[in-house]
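**Student:** First the structure, which I've put down as structure tokens, then a few questions once you've had a look.
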Amino acid sequence: MEVLKAAALRQRTHGDVLTLCAGQPSTPAPAVARAAAIAALDTDVLGYTESTGILPLRRAVAEHHRESAGIDVDPDDVVVFPGSSGAFTTLFLAAFDAGDQVAMTRPGYPAYRNSLAALGCEVVELACGPDTRFQPTVEMLDALPEPPAGLIVASPANPTGTVIDAQVLAELTAWCEEHGTLLISDEIYHGLTYGREVASAWATSQESVVVGSVSKYFSMTGWRVGWLLAPPSLRRPLEILTGNLNICPPAIGQHAAIAALGEGARAELDGHRARYAATRDLLLRRLPEIGLRDYAPPDGAFYAWCDIGHLTDDSVAWCRALLDDCGVALTPGVDFDTVHGHRKVRLSFAGSTQEVDEALDRMAASPLLRA
Ligand SMILES: Cc1ncc(COP(=O)(O)O)c(C=O)c1O
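Under my numbering, read the sequence shown as residues 37 to 407, first letter to last.
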């Protein structure tokens, strides 16, 4: 967010910014979703809805998981929230008490750490590197002094884009069931993978919690619709908490999301994925040209997590200097990895292929990329 602010400032003064820092699609909601929103504006009161989301949306979400992951999901398993961000905070409140330990990967998505810390939970960071595709393993959990109350996994992950092997995910869900640890599987980047199989935690354990969202594959970040597939024991606490905290998810977003989850949006959304795949190919071809050879395998999402340790040990200052030098905005790694992030940057290839190509041209010409 700080980078976006600095980039917006540069855009006002120079008008030349290329943004490779945004963690969101550069495309609008699919046409059928926009049409559904317009129809809802014209015909619906758009007042408060059921706190857990309207039944047609919960049906559509259940059908989406049945079809995409081959898992048995009932509309009653689904609780809808204002984005997966709203789902996470409500879930943390429902499932954990202050002082509980909750494990997550390092590098990992900073909002997990920050939200858990704000709620008084103790975050246990699992140091994950290229040997495990930056993903956790049961060996890491066995090495902890005691089983944590929760474990968060994300696949494809942010910032690395890596996918967890189905077998490893199954081992983790089994370990969590055995040790009374709540497994939370962030699957919001499902649909955006490039050749690697992706598995759902609910394929092996419906005692786990699956997190979904229309933000990424469905290209609808600002509509604020996300959901959980939750085990029965958590549903009532989630319902009561979300009713108090949020009242309900946005009504218009819910109507649009039903259309986005349907068959009518598929061709458009798969077109976006094809563009990400082409841009990813271009990026992987050109990264060595600018001396960035060490990066996590970008299996999915739209990120490349690159080592810049040969160029700097202050990724924040380096990103600022790059923005000043050539107008290219990247995300420094410090928020994602509290230990090694000063030597890392995240490049997002969610923008247009042409934009990414031009950014790489500018970076190739920048003295900041010369060791
Ligand atoms: C891994 C991960 N989880 C959750 C979110 C939150 O997404 P939203 O609240 O838009 O569903 C993001 C956003 O970038 C993310 O990268």
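By construction, the Cβ of each residue, glycine as well, lies at the ideal position given by its N, Cα and C atoms.
Which residues, in chain order, sit with a beta-carbon under 6 angstroms away from any heavy atom of ligand 1?
**Tutor:** Listed by chain position, these are Gly59, Gly119, Ser120, Ser121, Tyr145, Ala190, Asn194, Asp222, Ile224, Ser249, Ser251, Thr257, Gly262.
**Student:** Please state whether the Cβ-Cβ distance between Ser221 and Val189 is less than 8 angstroms.
**Tutor:** In the sequence shown, residue 221 corresponds to position 185, counting from 1. In the sequence shown, residue 189 corresponds to position 153, counting from 1. Yes; because the gap between Cβ atoms is below 8 angstroms, this pair is in contact.
**Student:** Considering only their Cβ atoms, is the gap separating Thr198 from Ala237 smaller than 8 angstroms?
**Tutor:** Position 201 of the sequence shown, counted from the start, is the residue given in the question as residue 237. Position 162 of the sequence shown, counted from the start, is the residue given in the question as residue 198. Taking 8 angstroms as the Cβ cut-off, Ala237 and Thr198 do not qualify as a contacting pair.
**Student:** Asp393 by DSSP, collapsed to three states: which one?
**Tutor:** Counted from its first residue, the sequence shown places residue 393 at position 357. Helix.
**Student:** Give me the Cα-Cα distance between Glu175 and Ala303, rounded to the nearest whole angstrom.
**Tutor:** Reading the sequence shown from its first residue, position 139 is the one you call residue 175. Reading the sequence shown from its first residue, position 267 is the one you call residue 303. Spanning the two alpha carbons is a distance of roughly 41 angstroms.
**Student:** What's the gap between the Cα of Cys448 and the Cα of Gly144?
**Tutor:** The structure shown does not extend to residue 448, since the chain spans only 37 to 407, so no value can be given for it.
**Student:** Less than 8 angstroms between the C-beta atoms of Val115 and Trp259, yes or no?
**Tutor:** Locating residue 115 in the sequence shown gives position 79, where the first residue counts as 1. Locating residue 259 in the sequence shown gives position 223, where the first residue counts as 1. Against a cut-off of 8 angstroms, the Cβ pair of Trp259 and Val115 comes out as no contact.
**Student:** Can you tell me whether Pro334 is buried or exposed? The criterion is at least 16 other CB atoms within 10 Å of its CB, across all chains shown.
**Tutor:** Numbered from its first residue, the sequence shown carries residue 334 at position 298. Result: buried.
**Student:** Could you tell me which residues DSSP pairs with Ala365 in its beta bridges?
**Tutor:** On the sequence shown, position 329 is the one that residue 365 refers to. BP columns for Ala365 point to Thr55.
**Student:** Leaving aside the five residues before and after Gly369 along the sequence, list all residues of the same chain whose C-beta is less than 8 angstroms from its C-beta, in chain order.
**Tutor:** Locating residue 369 in the sequence shown gives position 333, where the first residue counts as 1. Excluding residues within five positions, the ones whose Cβ falls inside 8 angstroms are Pro143, Pro195, Trp341, Ser351, His376, Gly377, His378, Arg379, Lys380, Val381, Arg382.
**Student:** Could you please give the first and the last residue of the uninterrupted alpha helix (DSSP H) stretch that includes Val97?
**Tutor:** Indexing the sequence shown from 1 puts residue 97 at position 61. Note, Val97: alpha helix (DSSP H), 91-105.
**Student:** For Val392, which option in Leu319, Asn282, Ala407 has the closest C-alpha, if you only look at C-alpha atoms?
**Tutor:** Residue 392 sits at position 356 when you count from the first residue of the sequence shown. When only C-alpha atoms are compared, the closest one is Leu319.
**Student:** Using C-beta distances below 7 angstroms, list every residue in its chain close to Thr55, excluding the 5 sequence neighbours before and after it, in chain order.
**Tutor:** Working through the sequence shown from its first residue, we reach residue 55 at position 19. Cβ neighbours of Thr55 beyond the five flanking positions: Ala43, Ala365, Gly387.
**Student:** Any idea if Met37 is buried or exposed, counting beta-carbon neighbours within 10 angstroms, 16 or more meaning buried?
**Tutor:** The residue labelled residue 37 in the question sits at position 1 within the sequence shown. Flag for Met37 reads exposed.
**Student:** When you compare the CB of Ala301 with every CB in chain D, is at least one pair closer than 8 angstroms?
**Tutor:** In the structure shown, chain D does not exist; there is a single protein chain.
**Student:** Exposed or buried, which one is Lys252 when buried takes at least 16 other CB atoms within 10 Å?
**Tutor:** Mapped onto the sequence shown, residue 252 falls at position 216. So Lys252 counts as buried.
**Student:** Under DSSP, the alpha helix (DSSP H) around Cys212 begins and ends at which residues?
**Tutor:** Residue numbering aside, residue 212 sits at position 176 when the sequence shown is read from its first letter. Run containing Cys212: 202-215, per the alpha helix (DSSP H) assignment.
**Student:** Could you tell me the alpha carbon to alpha carbon distance between Val53 and Gly327, rounded to whole angstroms?
**Tutor:** What you label residue 53 is simply residue 17 of the sequence shown in a count that begins at 1. What you label residue 327 is simply residue 291 of the sequence shown in a count that begins at 1. Each residue's Cα considered, the two are about 22 angstroms apart.
**Student:** Starting from Val39, trace the alpha helix (DSSP H) both ways and give me its first and last residue.
**Tutor:** Position 3 of the sequence shown, counted from the start, is the residue given in the question as residue 39. Val39 -> alpha helix (DSSP H) spans 38-50.
**Student:** Would the region 148-165 and the region 298-318 be scored as touching if the rule is three or more Cβ pairs under 8 angstroms?
**Tutor:** Flag = no, the region 148-165 and the region 298-318 do not touch.
**Student:** Taking 6 angstroms as the limit between beta carbons, can you name the residues of its chain near Ser120, skipping five residues before and five after?
**Tutor:** Looking up residue 120 in the sequence shown gives position 84. Answer for Ser120: Ile224, Val247, Ser249, Gly262, listed in chain order.
**Student:** Could you check what DSSP says for Gln290 in three-state terms: helix, strand or coil?
**Tutor:** On the sequence shown, position 254 is the one that residue 290 refers to. Residue state, collapsed to three classes: helix.
**Student:** Does the region 290-303 come into contact with the region 79-96, if we say contact requires no fewer than three beta-carbon pairs (one atom in each stretch) closer than 8 angstroms?
**Tutor:** Result yes; three or more Cβ-Cβ pairs closer than 8 angstroms.
**Student:** From the DSSP output, in three-state form, read off Ile224 for me.
**Tutor:** Looking up residue 224 in the sequence shown gives position 188. Looking at Ile224 - three-state DSSP - the assignment turns out to be coil, as it is neither helix nor strand.
**Student:** Which residue comes first and which comes last in the alpha helix (DSSP H) that contains Phe124?
**Tutor:** In the sequence shown, counting from the first residue as 1, residue 124 sits at position 88. From DSSP, the alpha helix (DSSP H) with Phe124 extends over 119-131.
**Student:** When DSSP labels each residue in this structure, what does Cys342 get in the three-state scheme?
**Tutor:** For the purposes of this step, residue 342 is taken as the residue at position 306 of the sequence shown. Reduced to three states, the DSSP call for Cys342 is strand.
**Student:** Report the option in Phe170, Pro118, Ala292 whose CA atom is closest to the CA atom of Cys284.
**Tutor:** For this step, residue 284 is matched to residue 248 along the sequence shown. Cys284 has its Cα closest to that of Pro118, out of Phe170, Pro118, Ala292.
**Student:** Out of Phe338, Leu323, Asp349, Gly336, which has the shortest C-alpha to C-alpha gap to Glu394?
**Tutor:** Reading the sequence shown from its first residue, position 358 is the one you call residue 394. Looking at the Cα atoms, Leu323 is the closest of the given residues.
**Student:** Within a Cβ cutoff of 8 angstroms, which residues of the same chain sit near Glu207, ignoring the five residues on either side of it in sequence?
**Tutor:** Along the sequence shown, one-based indexing puts residue 207 at 171. Correct list, in chain order: Thr173, Val174.
**Student:** From Ala185, Val245, Arg311, Leu265, pick the residue whose C-alpha is nearest to that of Ser62; which is it?
**Tutor:** Position 26 of the sequence shown, counting from 1, holds the residue named residue 62. The shortest Cα separation from Ser62 among Ala185, Val245, Arg311, Leu265 belongs to Arg311.
**Student:** Thinking Gly227 and Arg309 are a contact (beta carbons under 8 angstroms), I'd like their distance in whole angstroms, please.
**Tutor:** Taking the first residue of the sequence shown as 1, we reach residue 227 at position 191. Taking the first residue of the sequence shown as 1, we reach residue 309 at position 273. Indeed they touch by this definition, with Cβ atoms about 7 angstroms apart.
**Student:** Relative to the C-alpha of Cys164, which residue among Asp397, Leu152, Asp373, Cys57 is closest?
**Tutor:** Taking the first residue of the sequence shown as position 1, residue 164 is located at position 128. Considering only alpha carbons, the answer is Asp373.
**Student:** Relative to the C-alpha of Leu180, which residue among Met140, Pro268, His50 is closest?
**Tutor:** Indexing the sequence shown from 1 puts residue 180 at position 144. It is Met140.
**Student:** Apply the 10 Å Cβ neighbour rule to Gln137 and answer buried if 16 or more other Cβ atoms are within range, or exposed otherwise.
**Tutor:** What you label residue 137 is simply residue 101 of the sequence shown in a count that begins at 1. Gln137 is buried by the Cβ-count criterion.
**Student:** By Cβ distance below 6 angstroms, which residues in the same chain neighbour Gly156 in space, the five residues on each side in sequence not counted?
**Tutor:** Numbered from its first residue, the sequence shown carries residue 156 at position 120. Only Ala134 meet the Cβ criterion.
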